Each structure stands twice: as structure tokens, then as C-alpha cells.
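According to numbering that gives the first Met the number 0, the residues represented by the sequence shown are 0 to 383, in order.
These notes are about the structure you will find just below.
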Amino acid sequence: MVAVIQKLPLRKRLWALVEGFDGPLAFVVFLLACAGLTVMYSSGYDHGTRFVDHGRNMLIAGFIMFVVAQIPPQKLMSLAVPIYTLGVLLLLAVALFGITKKGARRWVNVGVVIQPSEILKIAMPLMLAWWFQKREGQLRPLDFAVAGGLLLVPVGLIMKQPDLGTALLVLAAGLSVIFFAGLKWRWIVPPVLLGLVGVGVLVVMESSWCADGVDWRVLHEYQRQRICTLLDPARDPLGKGFHIIQGMIAIGSGGLWGKGFMQGTQTHLEFIPERTTDFIFAALGEEFGLAGNLLLITGFFFMVYRGLVIAAQAPTLFTRLLAASVTMIFFTYAFVNMGMVSGILPVVGVPLPFISYGGTAMVTLGLGLGILMSIAKSKQLVQT
Numbered sequence: 000m001v002a003v004i005q006k007l008p009l010r011k012r013l014w015a016l017v018e019g020f021d022g023p024l025a026f027v028v029f030l031l032a033c034a035g036l037t038v039m040y041s042s043g044y045d046h047g048t049r050f051v052d053h054g055r056n057m058l059i060a061g062f063i064m065f066v067v068a069q070i071p072p073q074k075l076m077s078l079a080v081p082i083y084t085l086g087v088l089l090l091l092a093v094a095l096f097g098i099t100k101k102g103a104r105r106w107v108n109v110g111v112v113i114q115p116s117e118i119l120k121i122a123m124p125l126m127l128a129w130w131f132q133k134r135e136g137q138l139r140p141l142d143f144a145v146a147g148g149l150l151l152v153p154v155g156l157i158m159k160q161p162d163l164g165t166a167l168l169v170l171a172a173g174l175s176v177i178f179f180a181g182l183k184w185r186w187i188v189p190p191v192l193l194g195l196v197g198v199g200v201l202v203v204m205e206s207s208w209c210a211d212g213v214d215w216r217v218l219h220e221y222q223r224q225r226i227c228t229l230l231d232p233a234r235d236p237l238g239k240g241f242h243i244i245q246g247m248i249a250i251g252s253g254g255l256w257g258k259g260f261m262q263g264t265q266t267h268l269e270f271i272p273e274r275t276t277d278f279i280f281a282a283l284g285e286e287f288g289l290a291g292n293l294l295l296i297t298g299f300f301f302m303v304y305r306g307l308v309i310a311a312q313a314p315t316l317f318t319r320l321l322a323a324s325v326t327m328i329f330f331t332y333a334f335v336n337m338g339m340v341s342g343i344l345p346v347v348g349v350p351l352p353f354i355s356y357g358g359t360a361m362v363t364l365g366l367g368l369g370i371l372m373s374i375a376k377s378k379q380l381v382q383t
């Protein structure tokens with residue numbers, strides 16, 4: 000047996016490592032990565048080493064994806080409880096003796112400085128998928144209540160830091176698992192309607208509720224300012240509304256076909272303050288226009304579609320729920336970023352997948368892609 004293995008050509012041994020990967024998903028991610036490098040070169044070529052670092056981060060994410068893809072879903076399932084527990088304990092450590100930067104306590108020193116909330120982006124769907132797998136065939140309302148508790152504990156700790164953007168991503172990942180596990184529509188519709196009514200009341204009462212000195216109590220002052228700025232960016236055009244206004248100007252000035260590669264004036268004259276991170280979508284829209292934006296959106300839609308196809312074809316409840324929730328993380332990243340840059344959502348500091356600069360977010364994306372590839376491989380093994 001040993002002799003036979005040694006005689007296998009290197010090509011076949013390497014092929015065994017990638018066999019079962021979802022080809023269409025890998026291809027669209029490659030195209031998005033190329034788009035990210037192109038836009039990053041234009042918006043960040045004069046911004047230190049952003050372009051080179053962005054390429055390095057992509058290579059790291061690709062390596063992580065490749066390694067995680069080799070882990071069978073059964074092994075991922077066994078890691079769910081330990082990773083979730085570790086993540087929550089680290090969040091408690093942040094609350095007790097975390098490191099504060101720019102008014103936010105989000106980091107903790109465990110030999111190296113880490114941001115534990117990032118762990119929960121993957122740990123949360125892992126944990127809830129594990130929980131519903133254990134309850135398969137005997138789900139009761141109490142099981143959904145327990146799942147809600149498992150979700151609200153880390154979300155509450157993350158919001159306390161405060162970090163609304165990460166809390167939103169963790170919440171979306173957890174809610175998607177609960178929804179795909181079979182949450183009944185009669186439990187979904189009332190809070191959705193209540194939220195819509197709340198948004199309507201907020202729009203009507205904007206002039207009085209957003210007046211100076213008004214305390215919303217349930218939100219931090221900076222979070223209140225972000226919502227009020229969304230409703231009326233012109234109330235502080237050179238301050239809190241500057242990002243949104245300049246982002247919309249950049250997107251609008253791009254027109255149908257854009258101003259051309261490296262020709263964006265809003266971008267290169269630095270009217271867009273975060274042009275390589277949160278607001279890179281505005282830089283893309285200015286230089287490549289509506290056509291470029293639509294191509295990018297199409298790429299994200301296809302990536303989400305392939306992720307849901309992998310989820311639908313997954314062999315177990317755990318893998319179906321995990322694949323669907325990881326896919327919805329990608330969707331939430333893209334939707335929230337594009338929405339805040341376009342002025343339809345508050346600015347919450349969520350990067351655009353594969354396009355925005357950011358090492359931590361790229362690691363999370365690599366982990367998510369690795370999980371999807373692992374589940375795709377497991378489907379092929381079951382079929383064979």
C-alpha cells in the first residue's frame with residue numbers, strides 16, 4: 000500500500016486536495032479578487048503600502064480557505080461548542096479588562112492583541128447549526144428560544160464595546176441559522192412589521208428626535224448621530240455628514256461608464272476620507288460608473304447563489320444550516336457596505352468583501368469560503 004501511494008504522480012496528489020471544490024464559486028471569488036486589486040491600486044497606490052498589503056491579505060485568505068476546506072464538516076461540528084465558548088469568554092475578558100482605542104473597548108491582550116468579536120462571525124453560525132443538528136426531528140418553540148439566547152449573549156457583549164457593525168454581522172449570521180432551521184412565519188412577521196413602523200415613526204419625528212441634546216438612552220450618542228445623519232446628511236455637511244455626501248457625489252459623478260481607471264477626482268483629491276476601506280465602493284462607482292457597479296453587484300449575487308446551492312445540496316442539517324448562514328454573512332457584508340455608501344443605511348464600518356482593505360475581515364472571508372468548500376467536498380464524497 001505504501002509503495003502504491005508513493006508512485007502516485009504529484010499532479011494527482013495535488014488534485015486530491017482541491018477535488019470537490021465548487022468551481023463556479025471559486026471562479027466568481029477570483030473575479031471579485033481581481034476587481035478588488037484593480038480598485039485598490041487606483042484608490043490606494045499613493046496610500047502607503049495598501050495595494051501590496053491588500054494582495055498579501057488575499058493570499059493569506061486563500062491559504063486559510065485551502066486549509067479549512069480540508070477539514071471534514073464532522074470535525075467542524077465537533078469544534079462548534081469549544082470555539083463559541085472561547086469566543087464568549089474572550090468577549091467577557093474584553094468587558095472586564097479590554098484595551099480601549101478611540102473610545103471603544105474591543106481588544107484584549109492574550110500574548111497578542113486580538114479582537115474577539117471577529118471570532119463570533121464564524122463561531123455563531125457553527126454553534127447554532129450544531130444546536131439545531133442535535134435537536135433535528137424534535138424541534139420545539141423552546142429550542143428556538145435557547146438558540147435566541149445563545150445569539151443574544153455575544154451580540155449584547157459586542158454592542159456594549161460598542162461595535163454596532165460587527166454586532167450586526169453576528170446577529171445576521173445567527174438569525175439566518177434560526178430562519179433556515181424552520182422558524183415559523185407567524186413569529187417572523189410581527190417583529191418585522193414593528194421594525195417598519197419604528198422606521199416610519201423615526202422618519203416622521205426626525206426633526207425633534209434628532210435635535211441637539213436629545214438622549215435616546217438605548218443607543219450611544221455616536222450611534223444616534225449616525226442615524227440622524229442618515230436621515231439628513233446636510234444637517235452637518237462638513238462633519239458627520241461629510242462621508243455620506245462625498246460618497247454619493249462620487250457615485251453620481253461616475254455616470255453610466257465612469258470617469259476611467261485612476262481618473263476619479265473625488266477619490267484622488269481625497270474628498271472620500273476612507274477611500275480604501277469602508278467607502279471604496281464610492282471610488283469604484285466614480286471610476287467605473289453604473290456599469291462597473293452593476294457588474295460587481297452581479298458578482299456578489301452569483302456568489303450568494305452558489306453558496307445557497309451548496310447549502311441546498313449539503314448532506315446533513317448541520318452542513319445545510321452552516322453553508323446557508325455563511326453565505327448570508329457574505330450577503331450582509333456586501334449589502335450593508337453598499338447601502339451605507341449609497342446613503343440608504345447608517346455608516347457602521349462594514350467592509351466590502353474582497354474589495355475593501357482589511358486583514359481581519361479578509362481572514363473571516365477566507366474561513367467562510369473554506370467552510371463552503373469543505374461542505375461542497377463532503378457532498379461529493381456522499382454521492383460517491
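Glycine included, every Cβ here is placed at the ideal spot set by N, Cα and C.
Just so you know, these numbers come straight off a predicted model, no measurement behind them.
Close beta carbons around residue i, own chain, < 7 Å, minus the five adjacent residues each side
i, result
"Ala323", "Ser175, Phe179, Leu307, Ala310"
"Lys120", "Leu168, Val169, Ala172, Ile328, Thr363"
"Pro115", "Gly86, Leu89, Leu90, Val93, Val107"
"Phe270", "Gln245"
"Arg216", "none"
Integer-rounded CB distance, given that residue j should sit under 8 Å from residue i
i, j, result
"Ile113", "Ile82", "So it is not a contact: roughly 14 Å between Cβ atoms."
"Val38", "Ile354", "6 Å"
"Thr264", "Ser42", "Going by Cβ atoms, the distance from Thr264 to Ser42 rounds to 12 Å, so no, they are not a contact pair."
"Leu295", "Val325", "Contact doesn't hold; Cβ gap of about 20 Å is too wide."
As assigned by DSSP and simplified to three states, the class of residue i
i, result
"Thr99", "strand"
"Arg139", "coil"
"Ile113", "strand"
"Val107", "strand"
"Thr48", "coil"
"Lys258", "coil"
"Gly369", "helix"
"Val401", "Only positions 0 to 383 of the chain appear in the structure, and residue 401 is not among them; the question remains open."
"Arg55", "helix"
"Gly364", "The sequence shown places Leu at residue 364, rather than the Gly named in the question. Residue state, collapsed to three classes: helix."
"Gly357", "coil"
"Leu150", "helix"
"Ile271", "coil"
Residues of its chain near residue i, where Cβ-Cβ distance is below 8 Å and the 5 sequence neighbours each way are ignored
i, result
"Gly338", "Leu344"
"Gly97", "Arg104, Arg105, Trp106, Val107, Gln160"
"Ala2", "Confidence at Ala2 is low in this model, with a pLDDT of 46, below 50, so its placement is unreliable and the value that follows should be read with caution. Contacts found: none."
"Leu141", "none"
CA nearest to the CA of residue i, picked from the options
i, options, result
"Phe300", "Phe20, Thr331, Leu95", "Thr331"
"His53", "Gly253, Leu36, Pro350", "Leu36"
"His219", "Ile370, Ile279, Leu163", "Leu163"
"Leu368", "Ala60, Met76, Asp142, Phe50", "Ala60"
"Pro153", "Arg134, Ala122, Ala128, Ile177", "Ala122"
"Phe334", "Leu321, Leu351, Leu320", "Leu351"
"Met126", "Leu320, Met361, Val340", "Leu320"
"Tyr221", "Gly181, Val346, Pro189", "Val346"
Chain-order list of residues whose beta-carbon lies under 6 Å from that of residue i (same chain, five-residue window excluded)
i, result
"Gln224", "Lys239"
"Gly288", "Gly253, Gly254, Leu255, Trp256, Gly257"
"Ala68", "Gly369, Met372, Ser373"
"Ile226", "Pro345"
- For the stretch 289-345, which segments carrying the alpha helix (DSSP H) assignment without a break, of at least 4 residues, lie completely within its bounds, in sequence order? 316-341
- Task: Enumerate, from N- to C-terminal direction, the unbroken alpha helix (DSSP H) stretches of 4 or more residues contained entirely within the stretch 160-223.
- Result: 163-179, 184-203, 205-208
- Message: Quick check for students: name the residue ranges of the alpha helix (DSSP H) that lie wholly in the stretch 58-98, counting only runs of 4 or more.
- Response: 72-96
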